[in-house]
Amino acid sequence: MHPALQGLLTIAIGVSGCIGYFYFSNLILDRFIFPAKGPNAGRNITRANMVRPWLFLLPAIIALGLYLAYPVIETLRLSLTERVPVPGGGPGEYAYNWVGAENYVKMMAEPKFWEAMRNNMLWLIVVPAFSTAFGLLAAQLTDRLSWGNVAKSLIFMPMAISFVGASVIWKLVYDARPEGQEQIGILNAIVTSFGGEPQTWLTIPFWNSFFLMVVLIWIQTGFAMVILSAALRGIPEETVEAAIVDGANPFQIFFKIKVPQIKSTIMVVWTTITLVVLKVFDIVFAMTNGQWETQVLANYMFDKLFRANDWGIGSASAMVIMLLVTPILVWNVRNARKEMR
Amino acid sequence: MSGLKLSNVIKRYGDVQVIHGVDLEIEDGEFCVFVGPSGCGKSTLLRMVAGLEETSEGQISIGGRDVTHVDPAERGVAMVFQTYALYPHMTVEENMGFGLKMNGVPKAEIKQKVGEASRILKLDDYLKRKPKALSGGQRQRVAIGRAIVRGPEVFLFDEPLSNLDAELRVEMRVEIARLHKEIGATMIYVTHDQVEAMTLADKIVVLRLGNIEQVGAPMDLYRDPDNKFVAGFIGSPAMNFVEGVVEEGGTVRMPGLGDAVAPASVALPAAGSKVIVGLRPQHIRVDPEGDSHTVDITESLGGVSYVYANAANGDRLVVEAREDDPMPRGGKVGLSFDPANLFFFDAETEKRIR
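In order, the protein sequences belong to chains B and G.
Letter 64 of the first sequence, counting from 1, is numbered 64 in UniProt numbering, and no numbers are missing.
Letter 67 of the second sequence, counting from 1, is numbered 67 in UniProt numbering, and no numbers are missing.
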């Protein structure tokens, strides 16, 4: 069968399966389990309505349990075990020995792990800060322009590009050719046009991390801008006018009237980007693969798990990422909920 | 403190002109109310005085100083908005002191001035609260406090009571009147509520479609309206209007008033032409013996009742009847009135015939 047709068929089956599930499960509940007739009609309706939410939640609970909760527990287990081939066994036959915290101890002793931790912290500070700041700036500046919506679309567009795609684009930006050849990377083209020497940007330790961060900032600014632009528009115009009459200048209006009023939105944007940053993998993987001191935790985990085949340390590093993400995630969800109230 | 003068002020949005050359003078310390139906340009005019809307043409001067193109903050005005426009992230104290802070006033002085304003407005107990924790009336008091603190030459109120419930509105109305007495500053107050206009104003400016219809003291407008619009707008319930036909000998026949013929001591148009006759509800008495009108409904408010009577020719009239007046219970009634209370308006221009 043609793959496209196959895809369409899958979608059709999936969607009708969903509809069918909700239709028939409710039908069974209302017709057979708690029918709304007979002597207990009133009680049955109440009971059916108590069961119904669970009916709707069930598929999500199963899917989340299977694909989220179970892997977390399994990863935790793997991080506390060591995988060794069974002596005399065939390929793919492994024994898992309980080793306690040994994987974590080993990992902590590795300089590459600490390099990843340090880089992750750098990413954590730089990317959300710059994305939010640029997003806020773009939101404020484009709001009053006649061509603001065009500008917004352009700034938002990178959001539609996959991380790997973005990495390829930026790899071309940073591309370096030997001196004398024509530079196809825009950065080197600029440098050489001013008479400088072409640089292999991605191999300059410490700074190369920042060149990678630029890619994520480029992507996330659009997200920050869209959310913050909506928040800025939600500010009552009168408070701004009152501030004008009160004698505040445009900067004071922005920083003392507007920004404080959208503070909680700024925090939600900030933490949402933080979550993306903590999981950053694709960009590093596609551009440097953690070489030249650009390693980050997610790429480190991938290295350990699927390159070194060290399931113990790989899982341990995955647990570290999860531990870092969880508090921010909880805070973010709580804040978002508060926002909705 | 000082007066305000508008000369031939015009406002255009692109090609659309919304204020058509307004001339107005407001004395120092006067309480001036802009009143009119929605869309009449009263808020726009106020915002032009505040400097929030640019003035397309003409001149605005405050205290003899031309402020037409001066920044809002430097005009010596303070504004109270319909939606209070409090800064939600600041406490009451910070809200009131913000304007002074922006103008570089020393902290001690801000504190003293905020203290003074909060005493006048009885906000002392709420200084550390955020606007969220205040009731509507308190919020509006804070907004007024924010205006007082800046010690402006002119206070601008943009429908400040519209967001309050009826009871609170009456309370705040009295409070604003008291405030005006206490600080004696020039105030401009925009409202569509003619009761607020009548009770608060030293001077009412009636606006319609970007033009001033009439300016005057409340009772002057009530007793001596220049045109049908002002006559109908000022006074509650609104004035009744019926058609009148001019007859030979300076009398007017009014089919809507039981075909009564009334003498008119004004310069009436030629016999046979039509005029509009106005008569206030409280100047009509119900005559239970008559049968010229059919009672539609009667609204009893206790002290007074409003009788809605339909004339044979379809004219509808409201009659204010007092408690002890004979009450018609549906059916036919007659109406009586004193011809001296009649107002005559030109049928074409709707101008008062004097």
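Glycine included, C-beta positions come from ideal geometry on N, C-alpha and C.
Keep in mind it's a predicted model, so treat the numbers as computed, not measured.
| Check | Outcome |
| --- | --- |
| Segment contact, 8 Å Cβ cut-off, at least three pairs: the stretch 21-36 of chain G with the stretch 203-212 of chain G | yes |
| Any C-beta of chain B under 9 Å from that of MET102/G | yes |
| Chain B contact for LEU335/G (CB, 9 Å cutoff) | no |
| Close beta carbons around GLY145/G, own chain, < 7 Å, minus the five adjacent residues each side | MET96, ALA117, SER118, LEU121 and LEU123 |
| Burial state of ALA262/G, where buried means 16 or more other Cβ atoms lie within 10 Å | buried |
| Three-state secondary structure assigned by DSSP to residue 420/G | Here chain G covers residues 1 to 354 and nothing more, so residue 420/G does not appear. |
| Min CB distance ILE61/B to chain G below 9 Å | no |
| Neighbour-count burial assignment, THR10/B, 16 or more Cβ in a 10 Å radius | exposed |
| Cutoff 6 Å; reference PHE281/B; Cβ partners in own chain excluding five residues on either side | ALA298 and ASN299 |
| Own chain residues within Cβ distance below 7 Å of ASN310/G, not counting five before or after | HIS293, THR294, ASP296 and ARG316 |
| Pair within 9 Å by beta-carbon distance, THR265/B and ASN332/B | no |
| Contact check, VAL268/B vs VAL284/B, beta carbons under 9 Å | no |
| Any 3 or more C-beta pairs closer than 8 Å across the stretch 27-46 of chain G and the stretch 186-198 of chain G | yes |
| The stretch 110-125 of chain B / the stretch 200-217 of chain B touching (three or more Cβ pairs under 8 Å) | yes |
| Own chain residues within Cβ distance below 8 Å of PHE56/B, not counting five before or after | PHE22 |
| Segment contact flag, the stretch 85-102 of chain G with the stretch 126-138 of chain G, C-beta cutoff 8 Å, min 3 pairs | yes |
| MET1/G in three-state terms, based on DSSP | Confidence at MET1/G is low in this model, with a pLDDT of 48, below 50, so its placement is unreliable and the value that follows should be read with caution. It is coil, neither helix nor strand. |
| Residue 361/B to PHE24/B span [Cα, whole Å] | With chain B running from 1 to 341 in the structure shown, residue 361/B is simply not present. |
| Residue range of the beta strand (DSSP E) that includes CYS32/G | 31-35 |
| Range of the contiguous beta strand (DSSP E) that encloses GLN17/G | 16-26 |
| Closer than 9 Å to chain B by CB, TYR189/G | no |
| Distance CB(LEU187/B)-CB(THR294/B) smaller than 9 Å | no |
| DSSP three-state assignment for VAL277/G, whether helix, strand or coil | strand |
| C-beta neighbour in chain G for ALA231/B, strict 9 Å | no |
| One or two residues paired with GLU348/G in a DSSP bridge | For GLU348/G, which the question treats as bridged, DSSP gives no partner whatsoever. |
| Min CB distance GLN261/B to chain G below 9 Å | yes |
| Contained beta strand (DSSP E) runs [length at least 3] in the stretch 47-118 of chain G, N- to C-terminal order | 57-62 and 77-80 |
| Test: GLU74/G CB closer than 9 Å to a CB of chain B | yes |
| Cβ-based neighbour list, VAL230/G, same chain, cut-off 7 Å, excluding 5 preceding and 5 following | VAL206, GLU213, GLN214 and LEU221 |
| Rounded straight-line distance, which links the Cα of PRO255/G to that of PRO237/G | 22 Å |
| Cβ-Cβ separation, GLU93/B to VAL84/B (assumed contact under 8 Å), whole Å | At roughly 10 Å, the Cβ-Cβ gap does not stay under 8 Å, so VAL84/B and GLU93/B are not in contact. |
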